[in-house]
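Enquirer: Per our numbering, residue 61 is the first one in the sequence shown, and the count goes up by one each step.
Every residue, glycine too, gets a C-beta built ideally from N, C-alpha and C.
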Amino acid sequence: SLRVILDRMVAGDVLTAEIRFIEGWRFNQLRETIAEHPELRHEAATLSEQALLDRLGIRYEHPEGLFFPSTYRFAAGISDLEVYRMAHEAMRRLLDEAWAAREPGLPLKDPYEALVLASVVEKEAGTEADRALIAGVFVNRLRRGMKLQSDPTTIYGLGDAFDGDLRRVHLRTDTPYNTYTRHGLPPTPIALVGRASLQAVLHPAKTDALYFVARGDGSSQFSVTLDEHNAAVRKYQLGQGR
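Take a look at the structure:
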């Protein structure tokens with residue numbers, strides 16, 4: 061049993077291995093990493109996503125975002141299902157604790173919505189300093205009924221059709237994840253969520269900003285008005301006004 065294996069690990073009788081999942085990864089990257097690990101017994105490789113969730117006893121219909129990015133140590137030779145269980149249990153525990161301590165009055169109905177928004181912040185934030193501000197912008201937009209207009213959600217919705225170059229036609233191509241064409245949150249998370257992004261969403265920065273644009277160095281320029289934002293886009297994205 062897992063208890064016996066853990067006891068033997070503590071006693072030093074079992075070879076241990078480790079596996080690492082990174083914040084911002086998609087589920088398919090996590091799954092490939094597990095499938096390629098030589099020290100695991102592979103029982104999940106042939107399962108569909110839904111069958112895998114069923115085996116793990118997870119009640120959601122989509123696996124994205126349900127596993128915590130971290131480094132996990134395990135006994136060599138255990139089932140890959142145990143690694144999935146460890147990562148999901150870590151995510152579930154963190155989400156429950158973070159949600160219970162959230163700032164009051166957020167425009168989020170439940171922990172899953174917090175996880176969804178945190179995954180967007182995870183993909184949008186290029187620097188640690190910007191994380192809570194980006195969360196603040198999205199919270200402000202949700203409160204005002206504005207579309208999130210997030211490139212990473214739109215890219216996620218394009219799937220294999222995305223070639224690395226986000227164009228205007230993509231922003232007009234409606235998918236459940238296109239936050240340029242649809243109001244509210246995307247239907248599921250879009251990536252593995254780290255602790256910092258979850259905390260940012262549940263304790264967002266107090267800001268009047270409604271817009272931000274990448275400066276090109278990993279940081280973002282925040283704007284309160286559309287005019288300010290358009291000027292920032294011209295400066296940082298179109299190379300004008302420098």
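Hey, how far is the Cα of G84 from the Cα of L177?
Expert: Their backbone Cα atoms lie some 13 Å apart in a straight line.
Enquirer: Compare the Cα-Cα distances from K207 to each of A174, T187 and P246 and report the closest residue.
Expert: Answer by Cα proximity: P246.
Enquirer: Which word fits G301, buried or exposed, when buried means at least 16 other C-beta atoms lie within 10 angstroms of its C-beta?
Expert: Summary for G301: the model assigns pLDDT 48, below 50, so the residue's position carries little reliability; its value from the coordinates is reported in the next sentence. Per the 10 Å Cβ criterion, exposed.
Enquirer: Could you tell me the distance, in whole angstroms, from the CA atom of L141 to the CA atom of Y237?
Expert: Distance between the alpha carbons of L141 and Y237: 29 Å.
Enquirer: By Cβ distance, which residues of its chain are closer than 8 Å to Y144, with the 5 residues on each side in sequence left out?
Expert: For Y144, where only same-chain residues beyond five positions count, the Cβ hits under 8 Å are I94, A104, L112, L116 and F127.
Enquirer: Out of curiosity, what's the CA-to-CA distance linking F81 and L286?
Expert: Their Cα atoms are separated by approximately 38 Å.
Enquirer: So, helix, strand or coil for G301, using DSSP?
Expert: Residue placement at G301 is flagged as unreliable, the pLDDT there being 48, under the threshold of 50; a coordinate-derived value is accordingly withheld.
Enquirer: Grouping DSSP H, G and I as helix and E and B as strand, with all else coil, what is I138?
Expert: It is coil, neither helix nor strand.
Enquirer: Does the distance from the C-beta atom of V261 to that of S179 stay below 7 Å?
Expert: No.
Enquirer: Mapping the DSSP letters down to three states, classify V284 as helix, strand or coil.
Expert: Looking at V284 - three-state DSSP - the assignment turns out to be coil, as it is neither helix nor strand.
Enquirer: Could you tell me which residues DSSP puts in a beta bridge with A274?
Expert: Paired residue(s): S280.
Enquirer: Please classify E124: does DSSP put it in a helix, a strand, or coil?
Expert: E124 falls in the coil class under three-state DSSP.
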